[in-house]
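Visitor:
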Amino acid sequence: MYENSKRLFERAGKYIPGGVNSPVRAFKSVGGTPIFMKKAKGAYLFDVDDNRYIDYIASWGPMILGHAYDPIIKAIQEKAIESTSFGAPTELEIDMAELIIGMVPNVDLIRMVSSGTEACMSSLRLARGFTQKNKFIKFEGCYHGHADSFLVKAGSGLATFDIQSVPGVTSGVAADTLTCAYNDLHAVENLVSHHKNKIAAIIVEPVPGNMGCILPKAGYLEGLRKICDEEKIVLIFDEVMTGFRLAAGGVQEKYNIQADLVCYGKVIGGGLPVGAFGGKQKIMEHISPLGNVYQAGTLSGNPIAMIAGYTLLKELKDNPLIYSELEKKTIYLKNGLERVFSDWGNPFVINQSGSMLSVHFSDGPVTDFASATAANNEFYKKYFHGMLKQGVYLPPSAFESWFLNNALTYADLDATIEFTRKTLET
Ligand code: KE4
Numbered sequence: 000m001y002e003n004s005k006r007l008f009e010r011a012g013k014y015i016p017g018g019v020n021s022p023v024r025a026f027k028s029v030g031g032t033p034i035f036m037k038k039a040k041g042a043y044l045f046d047v048d049d050n051r052y053i054d055y056i057a058s059w060g061p062m063i064l065g066h067a068y069d070p071i072i073k074a075i076q077e078k079a080i081e082s083t084s085f086g087a088p089t090e091l092e093i094d095m096a097e098l099i100i101g102m103v104p105n106v107d108l109i110r111m112v113s114s115g116t117e118a119c120m121s122s123l124r125l126a127r128g129f130t131q132k133n134k135f136i137k138f139e140g141c142y143h144g145h146a147d148s149f150l151v152k153a154g155s156g157l158a159t160f161d162i163q164s165v166p167g168v169t170s171g172v173a174a175d176t177l178t179c180a181y182n183d184l185h186a187v188e189n190l191v192s193h194h195k196n197k198i199a200a201i202i203v204e205p206v207p208g209n210m211g212c213i214l215p216k217a218g219y220l221e222g223l224r225k226i227c228d229e230e231k232i233v234l235i236f237d238e239v240m241t242g243f244r245l246a247a248g249g250v251q252e253k254y255n256i257q258a259d260l261v262c263y264g265k266v267i268g269g270g271l272p273v274g275a276f277g278g279k280q281k282i283m284e285h286i287s288p289l290g291n292v293y294q295a296g297t298l299s300g301n302p303i304a305m306i307a308g309y310t311l312l313k314e315l316k317d318n319p320l321i322y323s324e325l326e327k328k329t330i331y332l333k334n335g336l337e338r339v340f341s342d343w344g345n346p347f348v349i350n351q352s353g354s355m356l357s358v359h360f361s362d363g364p365v366t367d368f369a370s371a372t373a374a375n376n377e378f379y380k381k382y383f384h385g386m387l388k389q390g391v392y393l394p395p396s397a398f399e400s401w402f403l404n405n406a407l408t409y410a411d412l413d414a415t416i417e418f419t420r421k422t423l424e425t
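The sequence shown maps to residues 0 to 425 in numbering that gives the first Met the number 0.
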């Protein structure tokens, strides 16, 4: 069933650390051999052993309309003929910036980069440069990419591998990273009063997806906004996952909350390496070459990445019903899984927001990192492999969100529900 993946994983290990170019792909927390993919179309992945999978990762978010979406493929093919990079400004970058600013609230200027990590790293540097303060607050279980400052009590792969502090991140860097539990405003108020006038920013995944999908408690995001206004702290929404996924305007639109800076990634690249950060003019004008907060990138605004992202975002902008269609499919799946898990009779909870969903084998609500880690993540391994064997590709970690793509049919969702029932019966 997985012979070629096994052979390739062995070969990969000779040249690539752990045989993968990103740790979460290694199946370390669920065990077994990572599956090597050969191609994908629509809602389906096809591995090197010709197994087909219903895909609930969507490349960790980007493939919101499904894989190898024809208009994107066509646009890339046509653009590539004109060269793949110039290292000089292009009109397409203006079109992309104009399109994004027209789709999201409250962004006056935006800078393209090549990953979500770069977007978050740059927005933190900008907040520090703008406020002339050094410390910042992040939340346990939230993940903002792998820049040193963020690798403190982070989510995603660090939660998966239980890495609470990362060798190579100096104590000097970590000293400026303040952390507390997500969904706890008192914890933020305590940090702010203890570090009065020293905090440049609060960065938050407004709807976290790196400890599973977690929903903000009523008033939580509004509370962060209020604290930032009172204390002159820059509120950064890391919408690398939620941007253009939960709504065209992301969480700022869905919850009607204004951040000061917003980070994007994933969907805005349509599967190509793209990140971006943007926000209010009075802050963004400190970014080089307008101001002295330096930030740069050889391939920032790369024409192939831009045309892939532009084509996808344009589809989303011109067809806003996609979001309600996707949410309906996600709620349908959630309801079906809840029926099956309830019949099974063991504790579980399913969190869902828009087209993000996560299953936690927990006997109580999962509202932060502590409750996510307290769940029966051992059982998640059994569930993951039971589904994989039946041709359903779930995130290989209980600390990730499922991402639905709009190529999924209701027949795919019914099959996923039925395969879950069969897995629980074995
Ligand atoms: P990248 O540098 O991986 O493009 O983006 C970092 C990032 C920033 N902010 C949020 C909220 C993110 O979720 C991410 C990256 N997400 C992970 C999945 N949880 C990427 C998968 C991986 O690490 O391979």
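Idealized CB from N, CA, C, for every residue including glycine. The model shown is predicted, which means the values in this text are computed figures rather than measured ones.
With respect to 7 Å, is the separation between the Cβ of TRP401 and the closest non-hydrogen atom of the ligand KE4 below this value?
Guide: Here residue 401 refers to the residue found at position 402 when the sequence shown is read from its first residue. No, Cβ of TRP401 sits at least 7 Å from all heavy atoms of the ligand KE4.
Visitor: For GLN351, which of helix, strand or coil comes out of DSSP?
Guide: Here residue 351 refers to the residue found at position 352 of the sequence shown. Looking at GLN351 - three-state DSSP - the assignment turns out to be strand.
Visitor: Please name the residue, chosen from ARG6, LYS13, PHE26, SER170, that lies closest to LYS380 on a Cα-to-Cα basis.
Guide: Residue mapping note: residue 380 aligns to position 381 of the sequence shown, counting from 1. Closest option to LYS380, Cα to Cα, is PHE26.
Visitor: Quick one: grab the DSSP three-state call for MET283.
Guide: Translated into the one-based positions of the sequence shown, residue 283 becomes position 284. DSSP places MET283 in helix when its eight states are reduced to three.
Visitor: Which one of ALA414, ASP175, ARG124 has the shortest CA to CA distance from TYR392?
Guide: Translated into the one-based positions of the sequence shown, residue 392 becomes position 393. Nearest of ALA414, ASP175, ARG124 to TYR392, Cα basis: ALA414.
Visitor: Is ASP237 closer than 8 Å to VAL203 when the C-beta atoms are compared?
Guide: The residue given as residue 203 occupies position 204 in the sequence shown. The residue given as residue 237 occupies position 238 in the sequence shown. Yes, the Cβ-Cβ distance between VAL203 and ASP237 is below 8 Å.
Visitor: Helix, strand or coil: how does DSSP classify GLY128 here?
Guide: Translated into the one-based positions of the sequence shown, residue 128 becomes position 129. Looking at GLY128 - three-state DSSP - the assignment turns out to be helix.
Visitor: Where do the N-terminal and C-terminal ends of the alpha helix (DSSP H) with THR422 fall, by residue?
Guide: If you number the sequence shown from 1, residue 422 lands on position 423. Its alpha helix (DSSP H) spans residues 409 to 424.
Visitor: Using a threshold of 7 Å, is the CB atom of SER287 nearer than that to any non-hydrogen atom of the ligand KE4?
Guide: As a position in the sequence shown, residue 287 is number 288, starting the count at 1. Not under cutoff, so the answer is no.
Visitor: Please report the residue range of the alpha helix (DSSP H) in which ASP317 lies.
Guide: Within the sequence shown, numbered from 1, the residue matching residue 317 stands at position 318. Start and end: 302 to 317.
Visitor: In angstroms, rounded to a whole number, what distance separates the CA positions of LYS253 and GLY128?
Guide: Here the question's residue 253 lines up with position 254 in the sequence shown. Here the question's residue 128 lines up with position 129 in the sequence shown. Spanning the two alpha carbons is a distance of roughly 29 Å.
Visitor: Return the chain-ordered ranges of every beta strand (DSSP E) run that is complete within the region 343 to 409 and spans a minimum of 3 residues.
Guide: Taking only runs of at least 3 residues, the beta strand (DSSP E) segments lying wholly in the region 343 to 409 are 348 to 352, 355 to 359.
Visitor: Less than 6 Å between C-beta atoms, sequence neighbours within five positions excluded: which residues of the same chain meet that for ASN301?
Guide: Working through the sequence shown from its first residue, we reach residue 301 at position 302. The residues are SER84.
Visitor: To which residues does DSSP link SER164 through a beta bridge?
Guide: The sequence position of residue 164 within the sequence shown is 165, counting from 1. According to DSSP, which records beta bridges pairwise, SER164 is partnered with VAL151.
Visitor: Could you give the DSSP three-state label for CYS141: helix, strand or coil?
Guide: Indexing the sequence shown from 1 puts residue 141 at position 142. Coil, per DSSP.
Visitor: Please report the straight-line C-alpha distance between SER4 and ASP48, rounded to a whole angstrom.
Guide: Indexing the sequence shown from 1 puts residue 4 at position 5. Indexing the sequence shown from 1 puts residue 48 at position 49. Going from the Cα of SER4 to the Cα of ASP48 covers about 7 Å.
Visitor: Between SER121 and MET0, what straight-line distance do the alpha-carbon atoms span, to the nearest angstrom?
Guide: Here residue 121 refers to the residue found at position 122 of the sequence shown. Here residue 0 refers to the residue found at position 1 of the sequence shown. Going from the Cα of SER121 to the Cα of MET0 covers about 44 Å.
Visitor: How big is the Cα-Cα spacing for HIS384 and PRO22?
Guide: Your numbering for residue 384 matches position 385 in the sequence shown. Your numbering for residue 22 matches position 23 in the sequence shown. HIS384 and PRO22: Cα-Cα distance of roughly 18 Å.
Visitor: By Cβ distance below 7 Å, which residues in the same chain neighbour LYS134 in space, the five residues on each side in sequence not counted?
Guide: Sequence index remark: in the sequence shown, residue 134 carries index 135 (1-based). Answer for LYS134: ASP175, LEU177, HIS194, LYS197, ILE198, ALA199, listed in chain order.
Visitor: Going straight from the alpha carbon of VAL358 to that of ILE34, what length do you get?
Guide: Taking the sequence shown and counting its residues from 1, the one referred to as residue 358 is at position 359. Taking the sequence shown and counting its residues from 1, the one referred to as residue 34 is at position 35. Rounded to the nearest angstrom, the two C-alpha atoms are 22 Å apart.
Visitor: Taking all protein chains shown into account, do 16 or more other C-beta atoms lie within 10 angstroms of the C-beta of THR169, making it buried, or fewer, making it exposed?
Guide: The residue you call residue 169 lines up with position 170 of the sequence shown. Exposed: under 16 other Cβ atoms inside 10 Å.
Visitor: CA-CA distance, ALA246 and VAL266?
Guide: Residue 246 sits at position 247 when you count from the first residue of the sequence shown. Residue 266 sits at position 267 when you count from the first residue of the sequence shown. Those two C-alpha atoms are separated by around 11 Å.
Visitor: Taking ALA186 as the reference, give the member of GLU337, GLY156, PHE138 with the closest Cα.
Guide: Numbered from its first residue, the sequence shown carries residue 186 at position 187. Selected option, being the one with the closest Cα: PHE138.
Visitor: Does the beta carbon of SER357 fall short of 7 Å from some heavy atom of the ligand KE4?
Guide: Counted from its first residue, the sequence shown places residue 357 at position 358. Answer for SER357: no, Cβ out of range of the ligand KE4.
Visitor: Can you give me the Cβ contacts of LYS333 inside the same chain, cut-off strictly under 8 Å, excluding the 5 residues immediately before and after it?
Guide: Translated into the one-based positions of the sequence shown, residue 333 becomes position 334. Result list for LYS333: ILE349, GLN351, LEU356, in chain order.
Visitor: I need the straight-line Cα distance from TYR142 to ALA173, nearest angstrom please.
Guide: Here residue 142 is taken as the residue at index 143 of the sequence shown, counted from 1. Here residue 173 is taken as the residue at index 174 of the sequence shown, counted from 1. When rounded, the distance between both Cα atoms is 15 Å.
Visitor: Please list the segments of the beta strand (DSSP E) lying wholly inside the region 42 to 123, counting only runs of 3 or more residues, in order along the chain.
Guide: You should have 43 to 46, 51 to 54, 108 to 112.
Visitor: CB of TYR392 to nearest heavy atom of the ligand KE4: below 7 Å?
Guide: Counting from one through the sequence shown, the residue named residue 392 turns up at place 393. Result no, Cβ not under 7 Å from the ligand KE4.
Visitor: Given a threshold of 16 other Cβ atoms within 10 Å of its Cβ, counted over all protein chains shown, does PRO281 qualify as buried or as exposed?
Guide: On the sequence shown, residue 281 is found 282 positions in, with the first residue counted as 1. Looking at the sequence shown, residue 281 is not Pro but Lys. Exposed, because fewer than 16 other Cβ atoms sit within 10 Å of the Cβ of LYS281.
Visitor: Helix, strand or coil for ILE34? Go by DSSP, reduced to three states.
Guide: As a working note, residue 34 is residue 35 in the sequence shown. ILE34 falls in the coil class under three-state DSSP.
Visitor: Of the choices PRO207, MET36, TYR52, ILE226, whose alpha-carbon is the least far from that of VAL250?
Guide: Locating residue 250 in the sequence shown gives position 251, counting from the first residue. Nearest C-alpha to VAL250: PRO207.
Visitor: For ASP54, is the classification buried or exposed, using 16 other Cβ atoms within 10 angstroms of its Cβ as the cut-off for buried?
Guide: As a working mapping, residue 54 is identified with position 55 in the sequence shown. Under this definition ASP54 is a buried residue.
Visitor: Looking at the unbroken alpha helix (DSSP H) that takes in VAL191, where does it start and where does it end?
Guide: The sequence position of residue 191 within the sequence shown is 192, counting from 1. Element bounds for VAL191: 184 to 193.
Visitor: Distance, Cα to Cα, ARG224 vs CYS179?
Guide: Residue numbering aside, residue 224 sits at position 225 when the sequence shown is read from its first letter. Residue numbering aside, residue 179 sits at position 180 when the sequence shown is read from its first letter. Their backbone Cα atoms lie some 16 Å apart in a straight line.
Visitor: Candidates GLU2, MET95, GLY60: which alpha carbon is nearest LYS313's?
Guide: Here residue 313 refers to the residue found at position 314 of the sequence shown. Residue MET95 is the option with its Cα nearest to LYS313.
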